[in-house]
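Novice:
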Amino acid sequence: MHSETLKSRSLHTTKLRHYVPLGSPARREAADGTETVMRVSLGFELAWYHQRCGVDFSQRWHTDPYYRYEALKRMKAEVLEAFPAATCWDRSSDVDLASISGCYGIYPIPHACGIPIQYAPDRYPELASRRLSVKEIEQLTVRQIVESPVFADVFRQMECIEREWGAIHGYLSWQGVLNNAFHIRGQEIFLDMYDKPDFVHQFFSLLTEVLIQLAQCVQARQRESGFFVNHFTVSNCVLNMISPQAYEDFVLPYDTRVAHSFERFGVHTCEWDVTPYLEVLRKLPKMGFLDMGMMSDMARVTAMFPDTRRAVLYSPVKLQEASLDEIRQDMEQIWRELAPCDVAMPEIQPTTPDSRVKALLEICRALETQS
Numbered sequence: 022m023h024s025e026t027l028k029s030r031s032l033h034t035t036k037l038r039h040y041v042p043l044g045s046p047a048r049r050e051a052a053d054g055t056e057t058v059m060r061v062s063l064g065f066e067l068a069w070y071h072q073r074c075g076v077d078f079s080q081r082w083h084t085d086p087y088y089r090y091e092a093l094k095r096m097k098a099e100v101l102e103a104f105p106a107a108t109c110w111d112r113s114s115d116v117d118l119a120s121i122s123g124c125y126g127i128y129p130i131p132h133a134c135g136i137p138i139q140y141a142p143d144r145y146p147e148l149a150s151r152r153l154s155v156k157e158i159e160q161l162t163v164r165q166i167v168e169s170p171v172f173a174d175v176f177r178q179m180e181c182i183e184r185e186w187g188a189i190h191g192y193l194s195w196q197g198v199l200n201n202a203f204h205i206r207g208q209e210i211f212l213d214m215y216d217k218p219d220f221v222h223q224f225f226s227l228l229t230e231v232l233i234q235l236a237q238c239v240q241a242r243q244r245e246s247g248f249f250v251n252h253f254t255v256s257n258c259v260l261n262m263i264s265p266q267a268y269e270d271f272v273l274p275y276d277t278r279v280a281h282s283f284e285r286f287g288v289h290t291c292e293w294d295v296t297p298y299l300e301v302l303r304k305l306p307k308m309g310f311l312d313m314g315m316m317s318d319m320a321r322v323t324a325m326f327p328d329t330r331r332a333v334l335y336s337p338v339k340l341q342e343a344s345l346d347e348i349r350q351d352m353e354q355i356w357r358e359l360a361p362c363d364v365a366m367p368e369i370q371p372t373t374p375d376s377r378v379k380a381l382l383e384i385c386r387a388l389e390t391q392s
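Note that our numbering has the sequence shown beginning at 22, numbered continuously upward.
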């Protein structure tokens, strides 16, 4: 969708919706009021595109906007032809090909902190096994991360995109304070919450300032180019590894700072049970988006977050292996308990038949007609 159209349609709401840019980890984008009751958001493993489109997702994908543009052109043509009933891609424009989505996968911040990443032709980058020690983290500065070669390259790419195509489309995977801390420090961060609480707050404060500064700077540059974006969703994929009280004590203050720094805000909790965290999540301002797994108390989520755009992450394994009757029953439960919402279907596997994806779309469309 053209930037000005997106801006004009979304000014009346602070809601966000689930969105999987082609070749990118799942992100969120501004809702525009056209969302249907059971809106399906599709995404595919990179191996899907590698096998069907011949795209190589090695380092060049992440650093060469010309290569990425041509690859995205093939990828978009493939999904539009394969799934004509899907509504999650912009069929009217190619502005989404000139994009920074997917650059460095989910690791731009850890990579900027000095952790190497390893590329592959058919998957997202992975971090090298080494994590940073307490001493190494204490030596990090906001300026060092913000001015790192990683983000110098991101800004170089943005200049190239604007020069060649105009608007700088896309959404970097900023993650959030908790996820980035886990990626940089490893599982030791959970022990640090008990053994070194002052260090954890110092580390989380550093990450918060880095995220706010970088995201505001990148998004301001995108707006200057003609692509309107002013939101942030914190990715708390490891939320279930800490207690609700630990979230309130260690993460909530920083997620709140992030929320106040952007026009729109949301929380990604991954395909887990969000139920134990609902009370503390309700303390966050500007909750324009919240996702969860099927095991969550979805009816309770709807009651507690009536003005939030809600989404459920459906298992790609279940999409491939469950019977259609079981999938239909799951969608009916989502429709009863959570709708209006997004049915988020990221990471569809290359072994999943297209017919399965089309069946899911048909099931959700039928429920919308019924509603």
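Just so you know, even glycine gets a beta-carbon here, dropped at the ideal spot from N, CA and C.
As the structure is a computational prediction, the values presented were derived from the model and not from experiment.
Could you say which of Arg95, Gly126, Ala188, Thr108 lies nearest to Arg244 if we only look at CA atoms?
Specialist: Translated into the one-based positions of the sequence shown, residue 244 becomes position 223. Residue Ala188 is the option with its Cα nearest to Arg244.
Novice: Can you tell me where the alpha helix (DSSP H) holding Thr390 begins and where it ends?
Specialist: The sequence position of residue 390 within the sequence shown is 369, counting from 1. Its alpha helix (DSSP H) spans residues 375–391.
Novice: From Met313, Ile205, Val221, pick the residue whose C-alpha is nearest to that of Leu212; which is it?
Specialist: The sequence position of residue 212 within the sequence shown is 191, counting from 1. Among Met313, Ile205, Val221, the Cα nearest to that of Leu212 is on Val221.
Novice: Can you list, in chain order, the residues of its chain whose CB lies under 7 angstroms from that of Val167, leaving out five sequence neighbours each side?
Specialist: What you label residue 167 is simply residue 146 of the sequence shown in a count that begins at 1. Excluding sequence neighbours, Val167 sits near Val231, Gln234, Leu235.
Novice: Can you give me the start and stop residues for the beta strand (DSSP E) that Pro367 sits inside?
Specialist: Along the sequence shown, one-based indexing puts residue 367 at 346. 362–369 is the span of the beta strand (DSSP E), which, as asked, contains Pro367.
Novice: Would you tell me roughly how many angstroms separate the C-alpha atoms of Arg95 and Arg206, rounded to the nearest one?
Specialist: Reading the sequence shown from its first residue, position 74 is the one you call residue 95. Reading the sequence shown from its first residue, position 185 is the one you call residue 206. Rounded to the nearest angstrom, the two C-alpha atoms are 38 angstroms apart.
Novice: Ordered along the chain, which non-local residues of its own chain (more than five positions away) have a Cβ less than 6 angstroms from that of Val163?
Specialist: Numbered from 1 along the sequence shown, position 142 holds the residue referred to as residue 163. Only Glu230, Val231 meet the Cβ criterion.
Novice: For the beta strand (DSSP E) that Val288 lies in, which residues bound it at each end?
Specialist: Locating residue 288 in the sequence shown gives position 267, where the first residue counts as 1. In this chain, the beta strand (DSSP E) harbouring Val288 covers 285–289.
Novice: Can the beta-carbon of Lys36 be found less than 8 angstroms from the beta-carbon of Phe326?
Specialist: Your numbering for residue 36 matches position 15 in the sequence shown. Your numbering for residue 326 matches position 305 in the sequence shown. Contact flag unset, no.
Novice: Here's the rule I'm using: 16 or more other beta-carbon atoms within 10 Å means buried, otherwise exposed. How should Met316 be labelled?
Specialist: Locating residue 316 in the sequence shown gives position 295, where the first residue counts as 1. Label assigned to Met316: exposed.
Novice: Does Met315 come out as helix, strand or coil in the three-state DSSP assignment?
Specialist: Reading the sequence shown from its first residue, position 294 is the one you call residue 315. It is coil, neither helix nor strand.
Novice: Tell me the residue span of the beta strand (DSSP E) that contains Thr254.
Specialist: As a position in the sequence shown, residue 254 is number 233, starting the count at 1. Residues 252–256.
Novice: Measure the CB-CB distance between Ser169 and Ala202 and report whether it falls below 8 angstroms.
Specialist: Along the sequence shown, read from residue 1 onward, the residue named residue 169 stands at position 148. Along the sequence shown, read from residue 1 onward, the residue named residue 202 stands at position 181. Using a Cβ distance threshold of 8 angstroms, Ser169 and Ala202 do not count as a contacting pair.
Novice: Could you tell me whether the Cβ atoms of Met319 and Ile355 are closer together than 8 angstroms?
Specialist: Your numbering for residue 319 matches position 298 in the sequence shown. Your numbering for residue 355 matches position 334 in the sequence shown. Contact: yes.
Novice: At which residues does the alpha helix (DSSP H) containing His39 begin and terminate?
Specialist: Walking along the sequence shown from the start, residue 39 turns up at place 18. Premise fails: His39 lies in the beta strand (DSSP E), 37–40, not in any alpha helix (DSSP H).
Novice: Hey, Phe271 and Phe225: beta-carbon distance below 8 angstroms or not?
Specialist: For the purposes of this step, residue 271 is taken as the residue at position 250 of the sequence shown. For the purposes of this step, residue 225 is taken as the residue at position 204 of the sequence shown. Yes; because the gap between Cβ atoms is below 8 angstroms, this pair is in contact.
Novice: Opposite Ser62 in the DSSP bridges: which residues?
Specialist: Residue 62 sits at position 41 when you count from the first residue of the sequence shown. According to DSSP, which records beta bridges pairwise, Ser62 is partnered with Ala365.
Novice: Alpha carbons only, please: which of Arg331, His71, Gln350, Thr296 is nearest the one belonging to Glu56?
Specialist: By one-based count along the sequence shown, residue 56 stands at place 35. Comparing Cα-Cα distances from Glu56 to each of Arg331, His71, Gln350, Thr296, the minimum goes to Arg331.
Novice: With a 10 Å radius around its C-beta and 16 neighbouring C-beta atoms as the bar for buried, classify Pro218 as buried or exposed.
Specialist: For the purposes of this step, residue 218 is identified with residue 197 of the sequence shown, where counting begins at 1. Exposed.
Novice: According to DSSP, is Arg89 helix, strand or coil?
Specialist: Residue 89 sits at position 68 when you count from the first residue of the sequence shown. Helix, per DSSP.
Novice: How should Gln391 be labelled, buried or exposed, when 16 other C-beta atoms within 10 angstroms of its C-beta is the threshold for buried?
Specialist: Residue 391 sits at position 370 when you count from the first residue of the sequence shown. The residue in question, Gln391, is exposed, as its Cβ has fewer than 16 Cβ neighbours within 10 Å.
Novice: Under 8 angstroms Cβ to Cβ from Leu359, same chain only, skipping five residues before and after it: list those, please.
Specialist: In the sequence shown, the residue the question calls residue 359 occupies position 338. The residues are Met319, Ala320, Val322, Thr323, Arg331, Val333.
Novice: Could you tell me whether the stretch 140–152 touches the stretch 78–87, where touching means 3 or more Cβ pairs closer than 8 angstroms?
Specialist: Taking a contact to require three or more Cβ pairs closer than 8 angstroms, the stretch 140–152 and the stretch 78–87 qualify as touching.
Novice: Can you give me the Cβ contacts of Ala106 inside the same chain, cut-off strictly under 6 angstroms, excluding the 5 residues immediately before and after it?
Specialist: By one-based count along the sequence shown, residue 106 stands at place 85. Same-chain partners within the cutoff: Leu382.
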